[in-house]
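In the working numbering, the protein residues as written are 6 to 381. Before any comments, here is the structure.
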C-alpha cells in the first residue's frame, strides 16, 4: 500500500482568518497571485481575503470545467509577475486551474504539454487551496483536470509535486451557497467516496477514509441543503467528508462514474457535480455483481440494516436515487443530450484513464448500455 498526503491542512470555522499568517510565516511568500471565478467575486467572498492581502493580483476568468485556452492566456500574463505563490479560491474549477497555473509558473509552454503524470521538468510554484464548495476534494489531491478545447477532452495533469502546499478548509465559507450547489457538490463528494471505496486500487487506508466520508456526507447533506446557514454541524460534517473523500480517491482512484461525467463535461460543459450525481446509481447497478459485498458495507454506513449483502447494496443504490430526487438533481434526459451522441460519449468514457480502475470490466458497449439505462 502507498498513501501520500503531503499537504498541510487547516480545518475549522474561521480558519480563513489565518490566511495572512500562513502566507507570511509558513509559506514565506512575498508576491502571491489569486485564481478564482466571477461567481466568487460577485458573492462577496473575496472580502474574506482582500483585507488580509490587499495588493494581491487577481485572475478571475476561470470558468466551470476550466479550459486550456483560459489557463494558457492567464499563464502568459502571470509569468510576467513572477509570483512565488498561487492561491486557488473557489470550487473545483478554480482549484484545478490554480494547480495548472502553479505548474506553468515554473515551466514553459502550454498546459496541453503536461497531460499525464509528472511531465513537468521543474517543481510547480507552491499552491494554497481554499475550497468554497463541499464537493471538490481538489484541496488534497495531486490532479488538475483541464478541458483541452481543441480535442474537447478532459486532460488529467498530475504529479506528487502538484499537491497543494497548504489547504484551508473553512466550513463557514459555504454558508451562502444556494441549495442547488450544496446538492450537486455534496453528491460529487459522495461519488468520490463511493468510487474510491469500490475502485480496484483501493487499500485499507483509503477504505477507512472513504467509508467515514460516506457516513458524514449522507448524515449532513439534507440538513445543509435545507438550511446551510444555521446548520453548523452539517456544514462541518459535509466539508470534512468532502476533504477525507479527497484523501481516499486521491490515493486510490475514481471509476466509471467519472469516466462518463468527464466526457459529458468536456463535450457539453455540464457541471461536474451534476453529471456525477446523475450517473452514480447507474454505474453502481452495473458494478453490483462484482462488488455487492463491499457495497453492502457502505449501505450500513448509510444506516441500512439489511443483513443480506445483495439486498443491502440494492437498497443503497435506491437510497442514492431517492436522495438525488429530493435534492433536485436533474435527470439525464433533462440535459437535452441527444441519443445520437451516446456512442461518442461511450467511446470517450472507455478511453478515460480511470476506466481500468472500475471494479467490473467495461467496454464501450457497456458504457452505452449505462447511458441508455440512465436515459429511461
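We put the beta carbon where it would ideally sit given N, CA and C, even for glycine.
7 Å Cβ shell around residue i - same chain, five flanking residues per side excluded
i           : result
residue 216 : 202, 302, 303, 306
residue 186 : 138
residue 264 : 354, 357, 359, 360
residue 230 : 184, 187, 188, 332
residue 105 : 76, 116, 149, 151, 162
residue 351 : 369, 372, 373, 376
residue 200 : 254, 259, 260, 262, 263
residue 297 : 314, 315, 318
residue 266 : 277, 280, 281, 284
residue 66  : 75, 79
Assumed close pair residue i, residue j - CB separation to whole angstroms, cut-off 8 Å
i           : j           : result
residue 189 : residue 279 : 5 Å
residue 214 : residue 173 : Going by Cβ atoms, the distance from residue 214 to residue 173 rounds to 20 Å, so no, they are not a contact pair.
residue 219 : residue 195 : 7 Å
residue 152 : residue 271 : 5 Å
residue 116 : residue 61  : Rounded, the Cβ-Cβ distance is 22 Å, inconsistent with contact.
residue 71  : residue 101 : 6 Å
residue 144 : residue 251 : 7 Å
residue 309 : residue 324 : 7 Å
residue 257 : residue 206 : 5 Å
residue 63  : residue 39  : 5 Å
residue 318 : residue 300 : 4 Å
residue 73  : residue 154 : 5 Å
residue 16  : residue 245 : 7 Å
Neighbourhood of residue i by C-beta distance below 8 Å, restricted to the same chain and skipping five residues each side
i           : result
residue 368 : 355
residue 165 : 9, 11, 123, 147
residue 110 : 80, 83, 84, 88, 91, 129, 130
residue 157 : 271, 272
residue 237 : 18, 176
residue 211 : 8, 201, 202, 252, 253, 254, 256, 257
residue 321 : 289, 300, 301, 303, 304, 307, 309
residue 35  : 89
Where residue i falls, given that 16 or more other Cβ within 10 Å makes a residue buried
i           : result
residue 262 : buried
residue 127 : exposed
residue 181 : exposed
residue 240 : buried
residue 107 : buried
residue 99  : buried
residue 221 : buried
residue 344 : exposed
residue 32  : buried
residue 121 : exposed
residue 41  : buried
residue 341 : exposed
residue 349 : exposed
residue 114 : exposed
residue 133 : buried
residue 37  : buried
Where the alpha helix (DSSP H) containing residue i begins and where it ends
i           : result
residue 16  : Note, residue 16: premise wrong, no alpha helix (DSSP H); beta strand (DSSP E) at 13 to 16.
residue 282 : 277 to 306
residue 339 : Residue 339 -> no alpha helix (DSSP H), and no H or E assigned at all.
residue 206 : Segment: none, residue 206 is in no alpha helix (DSSP H) and carries neither H nor E.
residue 238 : 237 to 256
residue 48  : 43 to 48
residue 163 : Note, residue 163: premise wrong, no alpha helix (DSSP H); beta strand (DSSP E) at 158 to 163.
residue 154 : Note, residue 154: premise wrong, no alpha helix (DSSP H); not H, not E.
residue 262 : 261 to 273
residue 75  : 73 to 86
residue 329 : 314 to 331
residue 379 : 369 to 380
Contacts around residue i, its chain only, beta-carbon distance under 6 Å, and the 5 residues preceding and following it disregarded
i           : result
residue 292 : 364, 365
residue 283 : 337
residue 178 : 137
residue 193 : 140, 278, 281
residue 14  : 172
residue 135 : 94, 173
residue 208 : 6
residue 175 : 20, 21
residue 168 : 11, 12, 147
residue 197 : 142, 250, 254
Residue i, enclosing beta strand (DSSP E) - first and last residue
i           : result
residue 61  : Looking at the DSSP string, residue 61 is not in any beta strand (DSSP E), and its letter there is neither H nor E.
residue 172 : 171 to 174
residue 136 : 132 to 136
residue 355 : Counting along the chain, residue 355 falls outside any beta strand (DSSP E), though it belongs to the alpha helix (DSSP H) covering 347 to 356.
residue 90  : 90 to 95
residue 39  : 37 to 40
Min CB distance residue i to chain B below 9 Å
i         : result
residue 6 : Among the chains in the structure shown there is no chain B, since it carries only a single protein chain.
Any non-hydrogen atom of the ligand SAH within 8 Å of residue i CB
i           : result
residue 381 : This structure does not include the ligand SAH; it has no bound ligands of any sort.
Practice item. Would you check if there are 3 or more beta carbon pairs closer than 8 Å linking the stretch 79 to 98 to the stretch 41 to 55? Key: yes
Review point. Does the pairing of the stretch 285 to 295 with the stretch 53 to 73 give three or more beta-carbon distances under 8 Å?
Key: no
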